[in-house]
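Only one structure is covered here, and it is reproduced in the block below.
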Ligand code: SF4
């Protein structure tokens, strides 16, 4: 896969338009979409990494009531932090959050930085989380690629080969990067995530109500390509 296999400008425009239209009518109303506080975005993203939205919602509110800032989290007793996280599981996550909070307090005056390189220097912030913080909190033109977004972009623009292969993953990052619009980055990336969670789901994608059928390389052969 090369740059020449990236979607052409016309396909990019059509994809963006359809996705944003669909999102305005169907997007979920979630509390982390009502904020641009980088810490709140970080908490929501780390919680959502391995946990469903409905389980994250009450914990997100409880967490922010207890630790309203990076500074509050940085100075909280570790045992309390682990206890508050329960029962979300994957308990490395609260430890990582607290270590990010401590580093932010020590080096960045209790704030999360906005540039990609510095964000990636934190242990626990990878390419996806950095893209989410930059696009959702700082409204920068930054791409995201998690499992859901990778699946959506793969089905629509690739549909051949192994979704999990390193080269495919790299290509999908490039696709996500060319897709991000100059404006409405926040809505666009949120829409990608909702679309993967609600329409182009892992099992039994809802092709019959999908607005992307004319663009999608996996339609109508979705069944065949999804078995790969
Ligand atoms: Fe996904 Fe089906 Fe829509 Fe293609 S047509 S994007 S496979 S839901």
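In our numbering, the protein residues as written are 1347 to 1574. Built from N, CA and C at the ideal position, the CB exists for glycine as well.
At a cut-off of 7 Å, would you count residue 1550 as near ligand 1, judging by its Cβ distance to the nearest heavy atom?
Every heavy atom of ligand 1 is 7 Å or more from the Cβ of residue 1550, so no.
Please report how far the alpha carbon of residue 1460 lies from the alpha carbon of residue 1539, in whole angstroms.
Those two C-alpha atoms are separated by around 21 Å.
Where does residue 1370 fall in DSSP's three states?
Helix, per DSSP.
Check whether the Cβ of residue 1364 lies closer than 7 Å to any heavy atom of ligand 1, and answer yes or no.
Checking the Cβ of residue 1364 against ligand 1 gives no.
Is the stretch 1486-1506 touching the stretch 1537-1556, taking contact as three or more C-beta pairs under 8 Å?
Pairwise C-beta distances place the stretch 1486-1506 in contact with the stretch 1537-1556, as three or more of them are shorter than 8 Å.
In chain order, which continuous runs of the alpha helix (DSSP H) of length 4 or greater are located wholly inside the stretch 1510-1574?
You should have 1512-1525, 1531-1544, 1568-1572.
Out of 1481, 1452, 1398, 1414, which one is the CA nearest neighbour of residue 1535?
If you compare the alpha carbons of 1481, 1452, 1398, 1414 with that of residue 1535, the shortest gap goes to 1481.
Go to residue 1425, then tell me how far its alpha helix (DSSP H) extends in each direction, as first and last residue.
Element bounds for residue 1425: 1424-1431.
Hey, how far is the Cα of residue 1561 from the Cα of residue 1366?
When the Cα atoms are used, residue 1561 and residue 1366 turn out to be separated by approximately 15 Å.
Only counting the same chain, and skipping five residues up and downstream in sequence, which positions put a Cβ closer than 7 Å to that of residue 1528?
Sequence-distant Cβ neighbours of residue 1528 in its own chain, meaning closer than 7 Å and more than five residues away, are 1487.
If you run the structure through DSSP and keep just helix, strand and coil, what is residue 1416?
Of the three classes helix, strand and coil, the one that applies to residue 1416 here is helix, per DSSP.
Rounded to whole angstroms, what's the CA-CA distance from residue 1513 to residue 1423? Just pull it up for me.
Between residue 1513 and residue 1423, the alpha-carbon positions lie close to 42 Å from each other.
If you measure between the beta carbons of residue 1387 and residue 1473, is that distance less than 8 Å?
No, Cβ-Cβ distance for residue 1387 and residue 1473 is not below 8 Å.
Secondary structure at residue 1507, three-state DSSP: helix, strand or coil?
It is coil, neither helix nor strand.
Take residue 1359 as the anchor and find which of 1551, 1405, 1525 has the nearest alpha-carbon.
From the listed residues 1551, 1405, 1525, the smallest Cα separation to residue 1359 is found for 1525.
Quick check on the burial criterion: 16 or more other C-beta atoms within 10 angstroms. Buried or exposed for residue 1436?
Classification for residue 1436: exposed.
Among residues of its own chain, excluding the 5 on either side of residue 1470, which ones have a beta-carbon nearer than 6 Å to its beta-carbon?
Correct list, in chain order: 1442, 1446.
Please work out which residues of its chain come closer than 8 Å, Cβ to Cβ, to residue 1399, disregarding the five sequence neighbours upstream and downstream, and give them in chain order.
Excluding sequence neighbours, residue 1399 sits near 1374, 1376, 1543.
Separation of residue 1361 from residue 1352, as counted between CA atoms:
Approximately 13 Å, taken between the alpha carbons.
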